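Participant: All letters in the sequence shown, in the order written, are residues 3 to 352 by the working numbering.
Backbone N, C-alpha and C fix where the C-beta goes; we use that ideal spot for every residue, glycine too.
Keep in mind the model is a prediction, meaning the values are calculated, not measured.
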Amino acid sequence: MSLDRLSIRGVRNLEAVELEPADGMNWLFGPNGAGKTSVLEAIYLLARGRSFRSTRVARIIQYGSNQLSVVVRRSDTGKRLGVERNADGWRGRIDGRDSQRISEFAAWLPLVLVEPGSHALIEGGPEQRRRFVDWQLFHVEPDYLGTWQRFARALRQRNAALKSVAPGAVLDALEPLLIDRAEEMTRARALLAERLQVTLGRIEEELAFRLPGPLTLRYRPGYRGDDLAKLLREGRSRDRERGFTRLGPHRADLEIRCNEQPSAEMSRGQQKLAAVALLLAQFRLLQEGQSLAPILLVDDPVSELDRPHLERLLSWLCARTTQCWVTSTERVDVPARWFHVEQGRVSPVI
């Protein structure tokens, strides 16, 4: 799957953008601040409903404009997806039909982003890695989104009961559903971690990054043992004191080690390499796990990686058959459809 049309209006400093990208490698180059990353941001915004650069919509909308729009067409089905955003909210359309569900856009436009802040997946808190695992499961396990939503609702209900000091009978009634969904999530996440580990090993061999040793993954479910019901009953008093549920998949983590050492002990450069490998493993699993091939966005690898690792990454990217978007300040010697970006103007290079 690839995009064969991309239209962008009102995004940061970009002038009106109308592109016909290639099925494979698409490379945006130009000086810093020209708008290269904003093109990736627009694609990401359409697929995920948010920016990877800012949480404030006002910063994404072009100065002097009151809204932005992004429209794409998929080459395999001809399906058109579009979104408009302003300070008050957003409006999405799929083939002319209104859609307000981000999950629907994510399903039609699966993508993986590798960018300078990706090392937060390694050095950041557990929430980053839970989001990473859950997003993967949304795409490869059709029922997982519903399970996640039902667990989140049950968790909110239990937390509300704890804060209101509801009697034990109320918690007795609420906890079975929470526990059932928690166990489903734990099984799905643990299985995905195992699949990721196998795929990550293959990616490490292909990339041949210079890390101290192999990367290993282990899923930590957010509670010890296998009897969550007992743990919740025994922990009610402390949960009431805290006003929230202390144990469960909402406290889980994907433990990442390199050569059996905690990821916190890795250097920043090693964390960046580990993040690239893990995200490419995610990309590979998406390719293998669904009929819609994902899109890969890679922001500024030339500045982020040293020459040997950059060459290995570019060699890997050039061997892919799915669509990839890359940015840099300069051209490099790889086969690609090239677009020059200068002061917000995106122009194809003939």
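Can the beta-carbon of Val114 be found closer than 7 angstroms to that of Pro296?
Facilitator: Numbered from 1 along the sequence shown, position 112 holds the residue referred to as residue 114. Numbered from 1 along the sequence shown, position 294 holds the residue referred to as residue 296. Yes, they are a contact pair.
Participant: In this structure, how does DSSP classify His121 when only helix, strand and coil are distinguished?
Facilitator: The residue given as residue 121 occupies position 119 in the sequence shown. In this structure, His121 counts as coil in the three-state DSSP scheme.
Participant: Taking the alpha carbon of Gln159 as the point to measure from, which residue in Val142, Leu179, Leu147 has its own alpha carbon closest?
Facilitator: Indexing the sequence shown from 1 puts residue 159 at position 157. Comparing Cα positions, the closest option is Leu179.
Participant: With 16 as the cutoff for other CB atoms within 10 Å, does Tyr146 come out buried or exposed?
Facilitator: Reading the sequence shown from its first residue, position 144 is the one you call residue 146. Label assigned to Tyr146: buried.
Participant: Whose C-beta lies closer than 6 angstroms to the C-beta of Phe341 among residues of the same chain, with five residues either side of it excluded?
Facilitator: Taking the sequence shown and counting its residues from 1, one reaches residue 341 at position 339. Same-chain partners within the cutoff: Leu30, Val348, Pro350.
Participant: According to DSSP, simplified to helix, strand and coil, what is Asn161?
Facilitator: Counted from its first residue, the sequence shown places residue 161 at position 159. Looking at Asn161 - three-state DSSP - the assignment turns out to be helix.
Participant: Comparing alpha-carbon positions, which option in Gly12, Ala49, Pro23, Gly51 lies nearest Gly37?
Facilitator: As a working mapping, residue 37 is identified with position 35 in the sequence shown. Among Gly12, Ala49, Pro23, Gly51, the Cα nearest to that of Gly37 belongs to Gly12.
Participant: Give, in chain order, every unbroken run of the beta strand (DSSP E) that is at least 3 residues long and sits entirely within the segment 81-112.
Facilitator: Scanning the segment 81-112 for uninterrupted beta strand (DSSP E) segments of 3 residues or longer gives 82-88, 91-96, 99-101, listed from N- to C-terminal end.
Participant: Of the choices Pro128, Val200, Pro169, Glu243, whose alpha-carbon is the least far from that of Gly224?
Facilitator: What you label residue 224 is simply residue 222 of the sequence shown in a count that begins at 1. The residue with the shortest Cα to Cα distance from Gly224 is Pro128.
Participant: Work out the CA separation of Ala184 and Gly250 for me, nearest whole Å.
Facilitator: Here residue 250 corresponds to residue number 248 of the sequence shown, with the count starting at 1. Here residue 184 corresponds to residue number 182 of the sequence shown, with the count starting at 1. Each residue's alpha carbon lies about 7 angstroms from the other.
Participant: Would you mind sorting Glu206 into buried or exposed? The rule is 16 or more other CB atoms within 10 Å of its CB.
Facilitator: In the sequence shown, the residue the question calls residue 206 occupies position 204. A buried status is given to Glu206, since no fewer than 16 other beta-carbon atoms sit within 10 Å of its beta-carbon.
Participant: Kindly list the residues whose CB is nearer than 8 angstroms to the CB of Val142, restricted to its own chain and excluding five residues on each side of it in sequence; keep chain order.
Facilitator: Numbered from 1 along the sequence shown, position 140 holds the residue referred to as residue 142. Correct list, in chain order: Leu194, Leu287, Leu288, Gly291, Gln292.
Participant: Let me make sure I understand the geometry here. Which of Gln138, Asp228, Arg95 has the alpha-carbon closest to that of Ala190?
Facilitator: The residue given as residue 190 occupies position 188 in the sequence shown. For Ala190, the nearest C-alpha among the options comes from Gln138.
Participant: Quick one: give me the first and last residue of the beta strand (DSSP E) that Asp6 is part of.
Facilitator: In the sequence shown, residue 6 corresponds to position 4, counting from 1. First-last of the beta strand (DSSP E) with Asp6: 5-11.
Participant: Sorted by chain position, which residues of the same chain lie with C-beta nearer than 7 angstroms to Glu20's C-beta, five sequence neighbours on each side aside?
Facilitator: As a first step, residue 20 must be located in the sequence shown, where it is residue number 18. Excluding positions up to five away in sequence, the list reads Ser9.
Participant: Would Ala276 pass as a contact of Met27 if the rule is Cβ separation under 7 angstroms?
Facilitator: Position 274 of the sequence shown, counted from the start, is the residue given in the question as residue 276. Position 25 of the sequence shown, counted from the start, is the residue given in the question as residue 27. Contact: no.
Participant: Apart from the five residues just before and just after Gln272, which ones in its own chain have a Cβ nearer than 8 angstroms to its Cβ?
Facilitator: Taking the first residue of the sequence shown as position 1, residue 272 is located at position 270. So the list reads Leu213, Pro214, Cys260, once near-sequence residues are dropped.
Participant: Run the CB neighbour count on Ile352, radius 10 Å, all protein chains shown included, and call it buried at 16 or more, exposed below.
Facilitator: Position 350 of the sequence shown, counting from 1, holds the residue named residue 352. That one is exposed.
Participant: Is Phe153 helix, strand or coil by DSSP?
Facilitator: Sequence index remark: in the sequence shown, residue 153 carries index 151 (1-based). Of the three classes helix, strand and coil, the one that applies to Phe153 here is helix, per DSSP.
Participant: Where does the unbroken beta strand (DSSP E) through His342 begin, and where does it stop?
Facilitator: The residue labelled residue 342 in the question sits at position 340 within the sequence shown. From DSSP, the beta strand (DSSP E) with His342 extends over 339-344.
Participant: Let me check understanding here. Comparing Cα to Cα, which of Met187, Thr188, Glu186, Arg220 lies closest to Leu202?
Facilitator: For the purposes of this step, residue 202 is identified with residue 200 of the sequence shown, where counting begins at 1. Measuring from the Cα of Leu202, the nearest candidate turns out to be Arg220.
Participant: How many angstroms separate the CA atom of Gln284 from the CA atom of Gly35?
Facilitator: As a first step, residue 284 must be located in the sequence shown, where it is residue number 282. As a first step, residue 35 must be located in the sequence shown, where it is residue number 33. The alpha-carbon of Gln284 is positioned some 29 angstroms away from that of Gly35.
Participant: Could you tell me how far apart the beta carbons of Ile5 and Arg75 are, in whole angstroms, since I believe they sit closer than 8 angstroms?
Facilitator: In the sequence shown, the residue the question calls residue 5 occupies position 3. In the sequence shown, the residue the question calls residue 75 occupies position 73. It should be noted that the sequence gives Leu, not Ile, for residue 5. That pair is a contact at about 7 angstroms.
Participant: Could you check if Arg155 is buried or exposed, using at least 16 other CB atoms within 10 Å of its CB as the buried criterion?
Facilitator: The residue labelled residue 155 in the question sits at position 153 within the sequence shown. Arg155 is exposed by the Cβ-count criterion.
Participant: In terms of alpha-carbon separation, which member of His121, Lys274, Trp92, Leu312 lies closest to Phe107?
Facilitator: What you label residue 107 is simply residue 105 of the sequence shown in a count that begins at 1. Of the listed residues, the one whose Cα sits closest to Phe107 is Trp92.
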